[in-house]
Every structure is written in C-alpha cells, then in structure tokens.
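As structure tokens, the structure follows; a few thoughts come after it.
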Amino acid sequence: MRLVKYIAIAIINGFGVVIGIIWVAVPTTVAQPSLNYQLALSGRQSEGETPQSLSELYKLRDRLKVQLDNLAKTSDSAPFPGELWKSAIHRQQSETLTQQLENVQSQIQIEQRAKYNWDDAAKLAAQAVVIGRNSNPSSATWEESQRLWQLAINTLRLIPHDSFLADRAIDKTIEYQGNLSVATYEMQVARSVEKIRAEEEEIRERARKEQEKKEFARREIERKEQEKKDRARKELERQEFEKQELARKELERQELARKELERQEFERQELARKELERQEFERQELARQELEKQELARKELERQELEKQELARKELERQELERQELARQELERQELARQELERQELARQELARQELARQELERNQQATPQPTPESTVTPTPTPVTPAASSPNFFFAGDTNRDGQINQQDDAGKEQWSLSKGALILFNDRNNDRGKIPTWKQTKVSAPRRAAMLSQVNLTLSESFKTSQLFITADSIASPHISVFQKTGDGWQPVDISGAKPLVFSTNIVLGVEAKQFADRNWNGTVNLKATAQNNGQEIASTTIQMGVSPWMIAPNTAPVTEVQVSDRGAVNSEFISQLKQAVEPTGAKVKILQGDRTWMQDTQKNGYVQLPEKSEIRQFNVAIKSNSEPDKNQPAKSPQDRNLKVFKIGTRRSEDPVSQWSDGYGNLQVTPPIPGHPMGRVYYGNSGNASFNPEVLDFIQAQRIQGPPVDIDTSWLLTRQVDEIINFIPTQTPGQYVMAIASPEAGVKLLEELEGRGYGDVAINRGLSTQTTVSAALKNRALIQHNLYLQNQKLNPIIEKLKREFLLGDDQIVQVPAMFGYSGYAWWPNMVNSVPVNGKLLVSNPRGPMIDGVDYTQERLRQLLLPAGVSVSFLDDRYYQELKGNVQSATNTVRKPEERPFWQSLPNNY
C-alpha cells in the first residue's frame with residue numbers, strides 16, 4: 001500500500017513540473033531590444049559600430065565629449081563675413097553631437113540599472129543553490145529555495161527590454177524557471193514524505209499507548225494479587241503474635257503472683273525487725289533525753305549569763321553608733337551646705353560671665369536683636385534688606401531646597417529658617433591632631449571637599465561687563481564660613497571682606513562651606529551680599545541669608561547598617577561570635593576594631609546631616625568624638641562610608657571616672673519622632689555634680705531641631721548613663737515603638753513569684769560573681785528594700801516625667817525586670833541596655849533561673865515584648881557584666897538617616 005502511494009505522488013509531481021515549464025511565459029519586459037532604437041543609435045554614430053556593452057558606451061560618451069570640446073574651440077574664433085555658413089554648420093554639428101551624448105548617457109543609466117538587477121538575481125540564485133545542497137532538506141528548506149528562485153526570476157524581469165542584458169536575462173529566466181520547478185517538485189515530495197512519516201509516527205504512538213495500557217493492566221492485576229497475599233500473610237502473623245502475647249501475659253501474671261507472695265513475706269519479716277528496732281530505739285531515746293535534759297539545764301544557765309553580758313555590750317555599741325551617726329550627719333550637713341554655697345557662687349560667676357559676654361556681643365553687634373528663647377544665647381544676624389537691584393542682577397542659592405537654582409529661589413532668599421532657605425554644610429578641615437579650630441584658620445586656599453560646597457549663583461547681564469563684583473558676609477558669621485569661586489583653574493578662595501573683586505563672568509558659580517556647626521557662639525546663619533560697583537559707586541546689590549544644615553542623631557528605631565565592637569581577645573570572643581550570628585542575617589555588618597576601648601558606645605555619637613539634590617537628598621554621616629582618652633579613642637570609620645566625618649566639642653573635663661562616665665555618649669540618646677518633635681528629642685543623664693558635658697548640650701540646643709534636651713536623674717547609677725535604664729524599641733508596625741525602662745519593683749516581684757511557685761532553691765545570676773538562689777536574694781532584705789526604694793523614689797518620678805515630656809501612653813511603656821546593687825550597678829545583666837537591629841533586639845543574657853530547661857527571666861522579657869512583635873536574641877556578655885556594663889555599652893551602631901528631608905517634617909518658618 002505504501003509503495004502505491006509513493007508511485008502516485010511521483011506521477012503527480014512529474015506532471016506538475018512539465019506543466020510548469022510549458023506555461024512559464026517570457027515576460028514582455030525582457031523582449032529583444034527594438035530594431036528602431038538600434039538603427040537610430042547606429043545612425044547617429046559618426047564612426048565605428050553600434051556599442052554592445054557598458055564599457056563601449058563609456059568610450060562612446062567620452063569620445064562625444066571630446067568632439068564637443070574640439071568643436072567649441074573651433075567655433076570660438078570670429079568668422080569672416082563670407083564664412084557665416086561655417087558658423088551655421090558648426091552649430092548644427094554641435095546640436096547633433098549634444099543629442100547623441102544625451103542618448104548615450106540615457107543608455108548608460110539603463111545599462112547600470114540592468115547590471116544592478118542582474119547581480120541581485122545572481123545573489124538570490126546563489127542563496128537558493130546553497131539551501132538546495134542541504135544534506136537533509138525538509139519541506140521548509142525547499143519552500144525557502146522556491147521563494148529565492150521566484151525572487152531571482154522577478155528581479156530578472158526588472159531588466160529593461162532595451163538593455164544589452166535583455167537576451168541573457170531571458171535565457172537566465174528560463175534556467176531559473178526550471179530550477180523553480182525542481183524546487184517546487186522537491187517541496188511537494190518532502191511534504192508528502194513528512195506527511196507519511198507523521199502518519200506512521202501516529203500509528204506507532206497509538207500502538208505504544210495500547211501496549212502501555214496492556215502492561216499497566218497486567219501490573220495492576222499482579223499488584224492486587226500481591227496485596228491479597230500480603231493481607232493473608234499479615235493475618236497469619238497477627239494471629240501468631242496474639243497467641244504469643246497471651247502466653248507472655250500468662251507468664252507475667254504467674255511471675256507477679258510469685259513476687260507478690262515474696263513481697264508479703266518480706267514485709268512481715270521487715271515489720272518484725274522494725275518493731276524490735278523501735279523498742280530498742282525507745283529505750284535508748286529515753287536515756288538520751290534524760291542526758292539532754294540535764295545538759296539543757298546547764299546550757300540555759302550559761303546562755304542567760306551570756307545574754308546578760310551581750311545586752312550590756314550591745315547597749316554600749318548602740319550608744320557609740322548613735323554618737324558616730326550624729327557626728328556623720330553633722331559633717332554631711334556641713335558638706336552639703338559648703339557644696340550649695342560653692343554651686344551658688346559658681347552659678348553667680350557664670351551668670352556674670354554670660355552677662356559680660358552678652359554686653360560685649362551687644363556692643364559688637366550695635367544693638368542687634370537677641371534670638372528667641374528656644375535658641376542659645378548666641379546673637380542672630382538680622383537679615384539685611386537689600387538695596388534696589390537690577391532685574392538683570394540675579395543672586396541666589398537653593399532657597400526652596402529643590403536641588404536646583406533658578407528664578408523660583410529669588411523669593412524669600414533674605415530670610416532663613418530650618419524649614420526654608422539655602423543650606424550650608426559643615427566641611428571640617430582639621431584632622432584629629434589639629435591644634436587650631438577650623439573657624440580660627442584665616443588662610444584657606446581650597447575647599448577640603450568640593451562636593452560638599454553649597455552652590456550660589458550670580459547671574460549678570462552684559463551691562464555689568466565693566467563693573468567690579470564683590471561678595472561680603474556679616475561680621476558675626478565671617479570667621480565661620482569660607483566662600484570659593486569656580487573658575488577655569490578650579491575653586492579659588494573669595495575675599496568676603498569686600499577688598500578684592502570676583503573674577504568677572506556673566507554666570508558666576510560660588511561655593512559656600514561652614515567651618516563649624518551652630519553652637520553657643522554662633523547661630524549658624526550668614527548674610528551674603530553681592531554688590532556691583534562702577535568707579536567706586538554701587539550700581540546694584542542683593543543679599544541672601546544661608547544657614548548651616550543641623551546635626552541630628554538617628555534614633556535606636558532607625559535601620560542599622562553596621563554594628564561596631566572592640567576585640568578584647570579570648571574574654572569576649574564568644575560574645576563577638578554570637579553578635580555576628582545575630583546581626584548578619586538582618587543585612588547589617590559587624591565591624592571588629594582591634595585595640596579600641598571596651599565601651600564602644602562612649603567613644604563617639606554617630607549622627608548625620610542632609611542637603612537637597614535635584615532627584616534626592618544627600619546624606620552625610622557625621623560623628624561627635626569623645627574627648628576622653630584621645631590617644632586610645634580613634635574614630636570608628638567604616639570603609640563603606642566615605643562620607644563619615646568626625647569632630648569634637650569642647651575639651652576633656654575631669655579625670656574623675658564618674659565624670660568621664662557621665663560624658664560618655666551612652667549618656668546622650670534621642671527619641672523616635674514624637675508629637676512636637678518630628679525628628680525626635682534628645683535626652684541625657686543628669687547626676688548633679690557629674691552631669692553630661694554642658695558644651696555638648698549647648699551644641700544640641702543650638703541645632704534647634706532635636707531639643708531642648710530632657711534631663712533624666714541618673715545620680716543613683718554607677719555609670720550615671722541614661723542608656724542603663726531607658727531604651728526605645730521599634731515594633732513590627734512601621735513608625736510605632738515602645739519605651740523599655742528598668743523596673744526594680746518588677747525584678748523583686750519576679751523573685752517573689754518564683755519562690756511562691758516553689759523555686760526558691762533555683763540559682764540566679766548563674767556563672768557570675770553574684771550567683772545566689774532566689775530565696776537567698778529575697779532574704780537579703782537590705783537589697784530588696786534598696787530596689788523598692790529606687791522604684792518609688794527614682795524610677796516612678798522618671799516615668800511620670802517621660803510621659804509628660806515625650807507624650808507617652810501607658811501602653812507604650814514596658815517595665816523590664818531589673819535589680820541594682822547598692823552602688824548603682826546592674827545586679828543581674830541589664831536587659832534594657834540592649835540594641836535594636838533591623839527588627840531584632842540584641843539583649844544581655846540575664847542568666848535567670850532555669851525552670852524546665854527555660855530561662856525564666858528571658859521568657860518574661862519575651863512575654864512583655866510579644867504585643868509589639870519584637871524578636872529577641874540573647875547574647876553572652878558575662879565579660880561586660882563583670883565590668884558593670886552590657887550589650888549597648890559594649891557596641892556602637894551606624895544607622896541609616898531619616899529618608900525624608902528634615903525641612904519637610906517641620907512646620908513653616910520653624
């Protein structure tokens with residue numbers, strides 16, 4: 001049957017090829033050139049035969065051009081009166097040659113077009129031949145070959161009938177028609193073969209599926225048969241197991257009966273033995289009691305005598321203690337009175353110094369108005385009303401803080417506030433060894449970091465070309481800023497005293513930098529005036545007011561990019577290992593510093609500043625470095641944070657360790673955004689005589705954005721640092737937080753709860769020098785009373801103050817169980833001194849009582865933070881606990897600045 005199909009297909013396809021060849025018509029477009037045209041062309045030739053190729057046409061064209069040139073030269077000479085007929089003959093010859101040249105050029109164009117079509121057809125035919133030579137051609141291959149042959153034929157038909165190639169095109173067309181028919185035939189054959197193969201494949205696929213179906217049925221029958229056998233086998237095994245189980249139980253019953261008889265016999269014998277022993281014991285007990293009665297009588301007489309002597313001794317000691325206590329109280333009263341007098345004298349001297357400084361500033365300012373009560377005592381430069389300026393005299397910075405300078409920045413440029421006006425960045429030039437403050441350096445040759453300059457544009461019309469241009473700053477701000485002009489040679493310093501003019505240009509670009517932040521001596525604003533003069537006369541001027549971008553602290557609720565810790569060797573290697581395991585999955589990095597201070601939190605306070613750009617805001621990390629132990633306290637810069645700048649405020653204070661602890665930057669913290677303080681509010685520990693550095697507090701106040709700082713009583717703490725008792729922790733809800741605060745009362749209740757549940761003998765402070773049991777801690781009444789006193793007299797007033805100052809609700813406050821020793825150190829590891837890191841809270845392992853394999857104190861903290869959805873990781877900080885510190889004190893963090901610009905969070909004219 002298959003052979004018959006192949007024969008039928010071959011006959012049909014052969015018939016189609018013959019019919020295709022017969023019916024291929026020779027198109028009229030490739031007919032022989034017309035005889036009239038050939039005769040006309042040959043008749044117009046002056047010599048030689050009719051050209052038969054393109055090269056001969058080129059030669060004929062050149063020859064005609066030469067003849068025309070020669071004829072033109074001959075006709076240039078003036079004819080004699082009797083030779084006018086020669087002029088007419090020349091003109092006629094010229095016209096004839098010109099007509100012949102035009103005909104030749106027309107024929108050249110025809111031949112060039114024909115040559116182009118001939119070459120295209122040859123390329124298409126070559127491609128078709130390559131495809132036809134495929135070792136395993138398919139119907140698609142032959143279809144592509146057919147298409148190329150057809151394109152080649154169509155291209156040949158485009159050759160004009162009057163071209164030299166017309167005859168060859170007809171021959172080639174007939175040749176290509178034959179190849180086209182062959183390609184058509186091969187395509188039909190390939191399609192027929194593919195169809196037959198597809199049918200055969202379909203038949204094979206149906207046969208395979210039928211075979212698979214039969215095989216599946218066979219296997220299903222075998223599976224069911226095997227299952228039947230397995231059930232029968234299991235039933236026999238079950239019956240055998242039940243028979244063995246009954247026999248085993250019968251043996252066990254008989255064994256139990258035997259043992260019961262033996263036990264009863266043993267109990268009878270034991271009762272008889274115990275009865276004999278009891279009778280013997282009673283006899284001996286009666287004898288012992290008689291001896292004890294006699295001994296007790298003797299000891300009672302001795303005790304009474306000793307008590308009488310002890311009472312007399314204690315009475316004498318009590319009288320001596322009362323006398324010493326009265327003397328101590330009198331000394332304390334005198335010392336307090338002396339300290340109060342000293343404090344009042346210091347306060348009076350400070351007020352007098354401030355009054356003298358104020359009067360001096362008033363004289364220097366010539367009655368300049370004083371700042372508002374929110375700002376520091378620094379005098380504020382009054383915005384200068386500019387002289388009438390030319391409309392072609394544009395001078396402005398980025399007043400509207402959109403990252404670009406244009407005419408929109410002209411409005412309101414004379415009045416600066418935190419919410420509006422051009423910003424300047426503090427661009428510190430000093431390294432850590434510098435001895436001269438930056439703002440006192442008078443010679444400045446170039447900006448330290450040109451990228452941190454704040455741009456100001458001065459745009460002029462050509463009418464100012466003959467003028468001199470000057471930039472001046474008010475006298476208060478002049479020492480604290482630098483101005484540069486961008487020229488072809490780079491940034492050049494500008495004389496802001498008005499003595500030296502600018503390099504003239506109609507588009508002047510200036511860069512302004514601040515040598516310091518706003519502080520107690522300068523409020524951070526500057527009035528810059530641009531003046532144009534002709535022959536010493538002012539012809540135009542305008543003034544802008546700019547301000548230093550304030551330094552801000554990111555709260556503990558902000559995302560963390562890096563956690564820093566000091567490598568202390570083997571003593572804290574386990575802590576660092578656990579720290580990395582907890583931090584790195586959150587996306588932050590752990591930076592291990594070699595040979596740095598133990599208490600990383602105290603070394604520097606990481607903050608940031610912001611500056612507008614066109615597409616986004618620019619963020620710069622800026623840290624205040626501690627003044628204590630300057631040789632050991634190098635700035636902890638991160639390699640990936642090239643913008644980190646470090647600066648100092650004030651000088652090192654007392655060598656007293658308590659004062660040094662008070663100045664540590666663990667004692668300077670900031671809240672998350674709270675009502676009235678969209679960038680948070682700073683708080684610090686105040687311990688009276690050892691309070692936080694007042695110069696830093698004045699600096700915070702001068703920034704006017706996270707102040708005024710709130711002081712917290714930390715006089716009762718050993719370290720005097722506020723991060724020992726207060727911490728703000730972010731919740732799972734964005735923008736929400738809870739405040740954790742240490743609670744000695746909750747710590748005492750935790751111990752009482754444990755003892756009430758029968759866990760009095762369980763150890764607490766496991767593995768620490770203060771290890772004891774729950775009951776032993778509760779029996780130490782002095783310790784318990786001390787902690788309850790701290791709760792009532794210290795922590796409860798602090799909570800009320802925080803609720804009032806930070807507008808906190810009771811549901812936002814988490815009281816964390818804690819206990820403190822008599823000197824104010826954390827008696828067990830402090831769980832408030834913790835570090836929030838990207839959704840995880842790193843907490844000291846409290847080493848609480850182990851109940852059923854679970855640390856009871858750890859579990860209590862998890863329950864307290866459960867409503868906030870906080871994930872807790874406990875770290876082994878035993879090394880730090882023995883040194884009276886915990887996780888936050890041992891680490892420092894670099895946090896991401898607020899993404900929203902601070903000026904968009906503030907009310908207008910803030």
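Be aware that the sequence shown starts at 1, since it is given in our numbering, and climbs by one per residue. For glycine and all other residues, C-beta sits at the position ideal for the given N, C-alpha and C.
Please work out which residues of its chain come closer than 7 Å, Cβ to Cβ, to residue i, disregarding the five sequence neighbours upstream and downstream, and give them in chain order.
i: residue 745; result: 788 and 791
i: residue 771; result: 763 and 765
i: residue 480; result: 439, 514, 515, 516 and 522
i: residue 111; result: 54, 57, 163 and 164
i: residue 649; result: 624, 695, 696 and 699
By Cβ distance, which residues of its chain are closer than 6 Å to residue i, with the 5 residues on each side in sequence left out?
i: residue 132; result: 145
i: residue 893; result: 560 and 563
i: residue 714; result: 685, 687, 720 and 722
i: residue 857; result: 846 and 848
i: residue 617; result: 610 and 901
i: residue 697; result: 709
i: residue 908; result: 419
i: residue 403; result: 612, 613 and 614
i: residue 528; result: 473 and 544
i: residue 873; result: 582, 840 and 842
i: residue 866; result: none
i: residue 535; result: none
Would you give the residue range spanned by the alpha helix (DSSP H) that residue i belongs to?
i: residue 736; result: Run containing residue 736: none; DSSP gives neither H nor E here.
i: residue 880; result: 878-882
i: residue 796; result: 796-806
i: residue 620; result: Here residue 620 belongs to no alpha helix (DSSP H); instead the beta strand (DSSP E) covers 617-625.
i: residue 913; result: Any answer about residue 913 is impossible in this case: the structure gives the chain only from 1 up to 910.
i: residue 153; result: 139-156
i: residue 702; result: 694-703
i: residue 730; result: Where residue 730 is concerned, there is no enclosing alpha helix (DSSP H), although the beta strand (DSSP E) it sits in stretches over 726-730.
When you compare only the Cα positions, how much space is there between residue i and residue j?
i: residue 343; j: residue 353; result: 15 Å
i: residue 830; j: residue 705; result: 31 Å
i: residue 612; j: residue 692; result: 33 Å
i: residue 733; j: residue 796; result: 28 Å
i: residue 315; j: residue 295; result: 30 Å
i: residue 421; j: residue 498; result: 24 Å
i: residue 323; j: residue 317; result: 10 Å
i: residue 587; j: residue 671; result: 24 Å
i: residue 777; j: residue 753; result: 13 Å
i: residue 361; j: residue 478; result: 15 Å
i: residue 191; j: residue 50; result: 52 Å
i: residue 408; j: residue 542; result: 16 Å
i: residue 201; j: residue 210; result: 14 Å
i: residue 313; j: residue 779; result: 27 Å
Go through its chain and collect everything with a Cβ distance to residue i's Cβ below 8 Å, but skip five positions before and after it.
i: residue 457; result: 394, 395, 396, 397, 405, 507, 508, 509 and 510
i: residue 897; result: 552, 554, 558, 608, 610, 619 and 621
i: residue 675; result: 807
i: residue 71; result: 90, 93, 94 and 97
i: residue 453; result: 425, 427, 447, 484, 491, 511, 512 and 513
Output the boundary residues of the beta strand (DSSP E) element that contains residue i.
i: residue 608; result: 604-612
i: residue 599; result: Here residue 599 belongs to no beta strand (DSSP E), and DSSP marks it neither H nor E.
i: residue 545; result: 537-548
i: residue 561; result: 560-567
i: residue 713; result: 710-713
i: residue 556; result: Residue 556 -> no beta strand (DSSP E), and no H or E assigned at all.
i: residue 513; result: 507-514
i: residue 668; result: 668-670
i: residue 581; result: Unbroken run through residue 581 is the alpha helix (DSSP H), 573-583; no beta strand (DSSP E).
Handout entry: Minimum length 3: unbroken beta strand (DSSP E) runs contained in the segment 226-275
Key = Inside the segment 226-275, DSSP marks no whole beta strand (DSSP E) run of 3 or more residues.
Practice task
Inspect the CB distances between the segment 479-493 and the segment 660-675 and report whether three or more fall short of 8 Å.
Solution key: no
Practice task
For the segment 172-183 and the segment 145-158, state whether three or more C-beta atom pairs, one from each stretch, are separated by less than 8 Å.
Solution key: yes
Practice task
Inspect the CB distances between the segment 828-847 and the segment 871-888 and report whether three or more fall short of 8 Å.
Solution key: With a cut-off of 8 Å, the segment 871-888 and the segment 828-847 count as touching, because enough Cβ pairs lie within range.
Exercise for the section: Could you say if the segment 494-502 and the segment 464-475 meet the contact criterion of at least three C-beta pairs nearer than 8 Å? Expected result: yes
Exercise for the section: Would you check if the segment 93-105 and the segment 115-123 touch, i.e. whether three or more CB-CB distances between them fall below 8 Å? Expected result: no
Exercise for the section: For the segment 835-842 and the segment 808-827, state whether three or more C-beta atom pairs, one from each stretch, are separated by less than 8 Å. Expected result: no
Exercise for the section: Could you pull out every unbroken beta strand (DSSP E) segment of at least 3 residues lying fully inside the segment 815-886, listed in chain order? Expected result: 835-837, 840-844 and 871-875
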